[in-house]
Amino acid sequence: MQRMTKGEHPSASLRLQALIDRARELGPIAMAVVHPVDEPSLSGAADAAKAGLIKPLFVGPEDKIRRAAKDAQIDLAGIEIISTPHSHAAAERAVELVREGRAQSIMKGALHTD
Numbered sequence: 008m009q010r011m012t013k014g015e016h017p018s019a020s021l022r023l024q025a026l027i028d029r030a031r032e033l034g035p036i037a038m039a040v041v042h043p044v045d046e047p048s049l050s051g052a053a054d055a056a057k058a059g060l061i062k063p064l065f066v067g068p069e070d071k072i073r074r075a076a077k078d079a080q081i082d083l084a085g086i087e088i089i090s091t092p093h094s095h096a097a098a099e100r101a102v103e104l105v106r107e108g109r110a111q112s113i114m115k116g117a118l119h120t121d
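Residues in the sequence shown are numbered consecutively from 8, following the numbering used here.
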């Protein structure tokens, strides 16, 4: 991104792109994606992986993850799935992955937060 002079303000999209570019320079981080059993959580993680920002670890019921990916036409090649019986177990396992050093961050998928 071109340096700006004092008083100039980049558009929001330019600032976002600059932030993405800086993150990409750091390399992808391992991210535990909790209960990604819907299109938005799957596609968000897949898009971030394609952009070189994350290395996703999908944590949740494997059959539901695969079914949702198939329905959304999202390729799971190269994405590790850590199977758990339900969303609460997925959240617990994601925290364990961070504690173990296998993941650096957690992304909320399709689970309730209330």
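Don't be surprised by glycine CBs; every beta carbon is placed ideally from N, CA and C.
Worksheet item: So is Ala58 buried or exposed if we call it buried at 16+ other beta carbons inside 10 Å?
Response: exposed
Worksheet item: By DSSP, does Ser94 sit in helix, in strand, or in coil?
Response: In the structure shown, Ser94 sits in a helix (DSSP, three-state: H, G or I).
Discussion item. Could you tell me the alpha carbon to alpha carbon distance between Ala96 and Gly67, rounded to whole angstroms?
Written reply: When rounded, the distance between both Cα atoms is 8 Å.
Discussion item. Less than 8 Å between the C-beta atoms of Ala75 and Ile61, yes or no?
Written reply: no
Item to complete: Would you mind sorting Leu26 into buried or exposed? The rule is 16 or more other CB atoms within 10 Å of its CB.
Response: exposed
Item to complete: For Val44, name the three-state secondary structure that DSSP assigns.
Response: coil
Worksheet item: Out of curiosity, what's the CA-to-CA distance linking Ser45 and Arg31?
Response: As written in the sequence, residue 45 is Asp, which differs from the Ser given in the question. Distance between the alpha carbons of Asp45 and Arg31 is about 26 Å.
Item to complete: Can you tell me which of the three DSSP states Ala37 falls into?
Response: strand
Worksheet item: Quick one: what's got a C-beta closer than 6 Å to Ala117's C-beta in the same chain, skipping five residues either side?
Response: His42, Val44, Asp45 and Ser48
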